[in-house]
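In numbering that gives the first Met the number 0, the protein residues as written are 0 to 218.
All residues carry an ideal CB built from backbone N, CA and C; glycine is no exception.
Just below is one structure, and these are the notes that go with it.
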Amino acid sequence: MPLAAIDDVYLHIIADGVVQAFEELRRSAAGTVATGDETEVTALLEARLNRKIEEDQVWRQLVASVVRGKESLSFDGAHLEKRPDLSIHLTSRTRRFPLIAEAKIIDAARGEQLYCRQGLQRFLNGEYAWGGREALMIAYVRDGSTIETRLTPYLTLPAQATNYAVESAPTSLGLGLYDAARTGHRRSFLYTHTPPPANDPGGIALWHLWVDASAAAAT
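Structure, rendered in structure tokens:
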């Protein structure tokens, strides 16, 4: 533990697939994307990603299934009903350890503080993705916010850099077609079933995908 890191080449393909699926939802379910709650939007995304397995050969080679709200254990088994927003089961990895994605709405009322406190933090304390080295954070952005204008300034504040154990500030993934960055964080737990030094999970890389869910974009 933890598992070997997923190659960046594959993570880029997965990130592209998630964003492409979301763009298709903006065209086919504009009202829900622009006004629905987080659960409604994520349910649509889950369905579209699973349909993509049937339609896209490259995606099918990487992804076996996508499940929303799948019950999972925390790192020490103390929490038995943790339900990450999306569990992306990869064809090359045991189903016990899917690639986890957590989603949050960003708008005038819900910003980077909630995104970090109720999303990002769960990857640092061993609630989610404790067996892996990477995970996804998806923001459904409805107010024009970007990673550069909201997340980067927040995580580079000294207090927040400490709170969220930031090892590397948001770095653009250079994908061009959508807003994406990677951050690195230390984790605050130790495996309880493994003797030291193998009980240290090491850091985690979070891939942040901020997709446009604004009403203007959905029309």
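Looking at the DSSP output, residue 91 shares a beta bridge with no other residue. Straight through space, the alpha carbons of residue 186 and residue 128 are spaced by roughly 11 Å. Under the DSSP definition of a beta bridge, residue 144 lacks any partner. Taking a C-beta distance under 7 Å as the contact criterion, residue 183 and residue 166 qualify as a contact pair. Contact between residue 137 and residue 107 does not hold, since the beta-carbon distance rounds to 19 Å and is not under 8 Å.
Residue 99 places its beta carbon 7 Å or farther from that of residue 65. Between residue 109 and residue 85, the C-beta spacing is not below 7 Å. Annotated three-state conformation of residue 15 is helix, per DSSP. Beta bridge pairing from DSSP links residue 179 with 208. Measuring C-alpha to C-alpha distances from residue 208 to each of 188, 53, 30, 22 identifies 22 as the nearest.
Where residue 166 is concerned, the enclosing beta strand (DSSP E) starts and stops at 165-171. Under the 10 Å beta carbon count, residue 116 is surrounded by fewer than 16 other beta carbons and is classified as exposed.
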